[in-house]
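What follows is one structure encoded as structure tokens, with my remarks underneath.
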Amino acid sequence: MAADPAAKGQGMALHTKMLLGFLVGAVAGGVAYEFGHAVDADGLKQTLPWLQVVLTWVTQPVGTIFLHLLFMLVLPLVFSALVLGVVEIGDPRSLGRIGGRTLTFILVVSGIAVTIGLVAVNVFQPGAGIDPAVGQALMAETADQAAGIVERGEAASAMQVLLSIVPRNPLAAGVEGNLIGVMFFALMFGIAASVVRNPGVNSFLSVLQGIYDITLKLINWVIQLAPYAVAALLFTMVASTGFAALRPLLEFVAVTIGALAVHMFVVFPLLLWFIGRMNPIEFFRKAQPAMLTAFSTSSSSATLPTTLRVAEEVLGTPKRIGRFVCTLGATANMNGTALFEGVVVLFLAQFFGIELSLGQQVLVLLMCILGAIGAAGVPGGSLPVIASILVMFGIPPEGIALILGVDRLLDMCRTTVNVTGDLVGTVLISRGEPADPVNPAAGDDLTTPIASR
Ligand code: ASP
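For the sequence shown, the residue numbers in our numbering are 166 to 618.
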């Protein structure tokens, strides 16, 4: 498949550059955090002016522009990818089969993820060991932010989420960032288009294919900036918050990351090996650009352009399946988020001394699977959902404040699991499906510099 461009004298591979950007950002951020803060007379930590300037004028804008460039491509991609995916899958029987497999994958693999999280919290009891006074102090720090999240959680009742799936106005859904609404519209549009298929519809589909190709070309360009943006995003995060926030919650952080790691490095490889018939090491090597983008942006939606490109051009799965599974998966298939929701609910129950029976924990499991489908693929997208699950089980939703200080790091990790899960799903669902008639991108690689394409 993809040859090593470095060997062909085309410079360093993109994923290596991204990894370098990641390390440079994290290390430089750590150093800047140490030297860029001073403790004032009241004992409060203040950011020194030079670091403020670097953050405000260099790293934050670079990171934000990169995020905007990615988000800018999401709407045209979601619509064109889903309509084309559905039309290419073609007859209703294939659509039913692939749709059914996708749904089964989402429900089963998210269920496995939540179970891993729940078992980990039951075994390690991270919530029981937190000193209530330390907990109250931590909660006081982020109480306002938590109140906003709880409010959004209350507004997002299960019924409202259900209603927002069918948008009254698809353009408004797009503008408001209601991607599930846009997806529903695109799915219906695609189904109708594949039924009609007259010359008018075919011309429209050619236009849509054009939109898709242009968007993918744009992402080819945007992703060349990724190594710098990854460095900037990591620097901003580490230099402004450091790792001090992690200390009091170390056990919670360790349990969450450990459980996510089990899902990522045990469950996914087993699925890939036994069902997808793919070597997991090869998979992880190829999925790297999407994983690194997910880690540094904490957003499945912002990563979608890269995910699609990896599925199509690097993993070489049939286009129609990648388009269908990855696009839907960006908001509906969130294994890392499902696991995290379970961990937080149980952790806070332990912290507040609320006993959840096995039956209630099974209910938590179901709610977390549904909650992950409903959560938006943006940074912190699952927090309002978690708040509403907490209310259901009589756990004070303000407890969310306890974990806000460490949420960013955990968000980066769970988003990486979410996006990797979409690619694993694509590989699994592609198995046994016919390949694309022609694969113009065969042999292409994300690591190939654009100029030499
Ligand atoms: N940031 C996650 C994502 O975009 C959602 C979440 O768990 O907050 O996949």
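Every residue, glycine too, gets a C-beta built ideally from N, C-alpha and C.
Discussion item. Just checking THR580 against the ligand ASP - is the residue's beta carbon closer than 6 Å to any of the ligand's heavy atoms?
Written reply: At least one heavy atom of the ligand ASP is nearer than 6 Å to the Cβ of THR580, so yes.
Worksheet item: The alpha helix (DSSP H) with VAL204 in it runs from where to where?
Response: For VAL204, no alpha helix (DSSP H) run applies; the uninterrupted beta strand (DSSP E) run containing it begins and ends at 202-204, by DSSP.
Practice prompt. Determine the contact status of VAL347 and VAL219, defining contact as a CB-CB distance below 7 Å.
Written response: Not in contact: VAL347 and VAL219 (Cβ atoms no closer than 7 Å).
Item to complete: Check the DSSP bridge columns for LYS182 and list the partner residues they point to.
Response: Answer is none; LYS182 lacks a bridge partner.
Practice prompt. Flag GLY545 as yes when its Cβ comes closer than 6 Å to any non-hydrogen atom of the ligand ASP, and as no otherwise.
Written response: Yes, the Cβ of GLY545 comes within 6 Å of a heavy atom of the ligand ASP.
Worksheet item: How would you write the range of the alpha helix (DSSP H) that GLN211 sits in, first residue to last?
Response: Careful: GLN211 lies outside any alpha helix (DSSP H), inside the beta strand (DSSP E) at 210-212.
Fill in: GLY382 classed as buried or exposed, judged by whether at least 16 other C-beta atoms fall within 10 angstroms
Residue identity differs from the one stated: residue 382 is Lys in this sequence, not Gly. Counting other Cβ atoms within 10 Å of its Cβ, LYS382 stays below 16 and is therefore classed as exposed.
Discussion item. Please report the straight-line C-alpha distance between ARG333 and VAL315, rounded to a whole angstrom.
Written reply: Going by C-alpha positions, ARG333 is about 26 Å away from VAL315.
Worksheet item: Would you say THR307 touches the ligand ASP, meaning its beta carbon is less than 6 Å from a heavy atom?
Response: Here the distance from the Cβ of THR307 to the nearest heavy atom of the ligand ASP is not below 6 Å.
Worksheet entry | Status (buried if at least 16 other CB within 10 Å, exposed otherwise) for PHE200 | It is exposed - the Cβ of PHE200 has fewer than 16 other Cβ atoms within 10 Å.
Fill in: Rounded straight-line distance, which links the Cα of SER461 to that of LEU179
Our two residues, LEU179 and SER461, have alpha carbons roughly 15 Å apart in a direct line.
Discussion item. Using a 10 Å radius around the Cβ and a threshold of 16 neighbouring Cβ atoms, would you call THR221 buried or exposed?
Written reply: With fewer than 16 neighbouring CB atoms inside 10 Å of its own CB, THR221 falls in the exposed class.
Worksheet item: Any idea if GLY355 is buried or exposed, counting beta-carbon neighbours within 10 angstroms, 16 or more meaning buried?
Response: So GLY355 ends up on the buried side.
Worksheet item: Taking Cβ to Cβ, would you say GLU563 is nearer than 7 Å to GLY536?
Response: Contact: no.
Discussion item. Quick check on the burial criterion: 16 or more other C-beta atoms within 10 angstroms. Buried or exposed for LYS182?
Written reply: With 16 or more Cβ atoms within 10 Å of its Cβ, LYS182 is classed as buried.
Discussion item. Any heavy atom of the ligand ASP closer than 6 Å to the beta-carbon of LEU205?
Written reply: It should be pointed out that residue 205 corresponds to Asp in this sequence rather than to Leu. Answer for ASP205: no, Cβ out of range of the ligand ASP.
Discussion item. In this structure, how does DSSP classify ASN363 when only helix, strand and coil are distinguished?
Written reply: Here ASN363 sits in coil by DSSP.
Discussion item. Quick check: the region 230-249 against the region 455-469, are at least 3 beta-carbon pairs closer than 8 Å?
Written reply: Yes, the region 455-469 is in contact with the region 230-249.
Worksheet item: What residue range is occupied by the uninterrupted alpha helix (DSSP H) comprising ARG485?
Response: That run of the alpha helix (DSSP H) goes 484-497.
Worksheet item: Hey, out of VAL592, ASP601, PRO561, SER553, whose CA is closest to GLN325's CA?
Response: For GLN325, the nearest C-alpha among the options comes from SER553.
Worksheet entry | Spatial neighbours of ARG266 in its chain, beta-carbon cut-off 7 Å, leaving aside the 5 residues before and after | Here the set comprises ILE594.
Worksheet item: For the ligand ASP, any of its heavy atoms closer than 6 Å to the Cβ of SER465?
Response: Within the cutoff, so yes.
Worksheet item: Should ASP576 be labelled buried (16 or more other beta-carbon atoms within 10 Å of its own) or exposed?
Response: Classified as buried, ASP576 has 16 or more neighbouring CB atoms from the shown chains inside 10 Å of its CB.
Discussion item. By alpha-carbon positions, which one of ILE277, GLY570, PHE516 ends up nearest to LEU435?
Written reply: The shortest C-alpha separation from LEU435 is found at ILE277.
Practice prompt. Consult DSSP for ILE281 and reduce its assignment to one of helix, strand or coil.
Written response: Helix, per DSSP.
Item to complete: Flag GLY542 as yes when its Cβ comes closer than 6 Å to any non-hydrogen atom of the ligand ASP, and as no otherwise.
Response: The closest heavy atom of the ligand ASP lies less than 6 Å from the beta carbon of GLY542.
Worksheet item: By Cβ distance below 7 Å, which residues in the same chain neighbour PRO544 in space, the five residues on each side in sequence not counted?
Response: For PRO544, where only same-chain residues beyond five positions count, the Cβ hits under 7 Å are SER463, SER464, ASP576.
Worksheet item: Nearest to VAL420 by alpha carbon, out of VAL279, GLY300, MET557, TRP386?
Response: Of the listed residues, the one whose Cα sits closest to VAL420 is VAL279.
Worksheet item: Can you tell which of GLU598, ALA541, THR585, LEU247 has its C-alpha closest to the C-alpha of THR492?
Response: The shortest Cα separation from THR492 among GLU598, ALA541, THR585, LEU247 belongs to LEU247.
Worksheet item: In angstroms, rounded to a whole number, what distance separates the CA positions of ASN367 and PHE289?
Response: One C-alpha to the other measures close to 57 Å.
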